[in-house]
Amino acid sequence: MTISLESCPPIGTIIETTEKTGVLINDAAANQLYVDNLTSITPPFDDNDPFRIVKSAFLVTGMVHENILVSMGLQIQTWAHELHGSGLGTSCILAAVVVKGLLQITDGDESSENVTRLALVLEQLMGTEVAQHDADVVKFDVP
């Protein structure tokens, strides 16, 4: 079952490969960031950085240290129509979908257990407190 708000899933990402190297990240609030070199992504991230989830996803999936984007680039669009900090697990869910998308592109381990583990590591990297409930929310095979 899919739930949509205003004809759009409430939380999601679209990740596409591009011929141009580098990474272009956009969000639903019209924020945009171009990253020429993934090795420039280093923590800690500012709490107000709208792209810290995506940046952290590059770190936890290992893409920062691998030469995966030598001959291609990525365009990443994210959206979360629920407010971060609402207590609904929005950031953890968004982290999971971004991590899963990056793992799909790199032929990484997309298992529910691995995505859940990496999403929790991502949340810890960002310094957010993650409840066990958030861990349960991101498991794709458990309602």
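Going by numbering that gives the first Met the number 0, the first residue of the sequence shown is number 0, and it counts up by one from there.
Note that CB positions come from ideal geometry on N, CA and C, so glycine has one too.
Taking residue i as the reference, which of the options has the closest Cα?
i	options	result
Leu101	Pro9, Ile10, Thr16 and Arg116	Thr16
Leu37	Ala56, Asp46, Thr89 and Thr12	Ala56
Thr41	Asp26, His64 and Gly21	His64
Ile13	Ala118, Val120 and Ala95	Ala95
Val53	Gly88, Thr115, Val69 and Ile75	Ile75
Gly126	Val34, Cys91, Val114 and Gly11	Cys91
If residue i and residue j are in contact, beta carbons under 8 angstroms, what's the gap, nearest whole angstrom?
i	j	result
Leu93	Thr77	6 angstroms
Keeping to the same chain, check which residues put their C-beta closer than 6 angstroms to that of residue i; ignore five residues upstream and five downstream.
i	result
Ala28	none
Leu32	Ile24 and Phe50
Asp26	Pro49 and Thr77
Asp45	none
Give me, in chain order, the residues of the same chain whose beta-carbon lies closer than 7 angstroms to that of residue i; leave out the 5 immediate sequence neighbours on both sides.
i	result
Gly107	Thr60
Ile67	Thr105
Leu117	Val59, Thr60 and Val98
Leu124	Pro42, Ser55, Leu58 and Val59
Gly11	Trp78 and Val96
Given a cut-off of 8 angstroms on the beta-carbon distance, is the pair residue i and residue j in contact?
i	j	result
Glu109	Gln103	yes
Val114	Val97	no
Met71	Glu18	yes
Who are the near neighbours of residue i in its chain, counting only those whose CB is closer than 8 angstroms to its CB and skipping five residues on each side?
i	result
Asp35	Thr20 and Gly21
Val69	Thr20
Does the beta carbon of residue i come closer than 8 angstroms to any beta carbon on chain C?
i	result
Leu58	Within the model displayed, chain C is absent; a lone protein chain is all it includes.
What ranges does the beta strand (DSSP E) occupy inside the stretch 54 to 94, keeping only unbroken runs of at least 3 residues that lie completely in it?
72 to 79
Starting from the N-terminal side, write out each stretch of the beta strand (DSSP E) that is 3 residues or longer and does not extend beyond the stretch 92 to 123.
none
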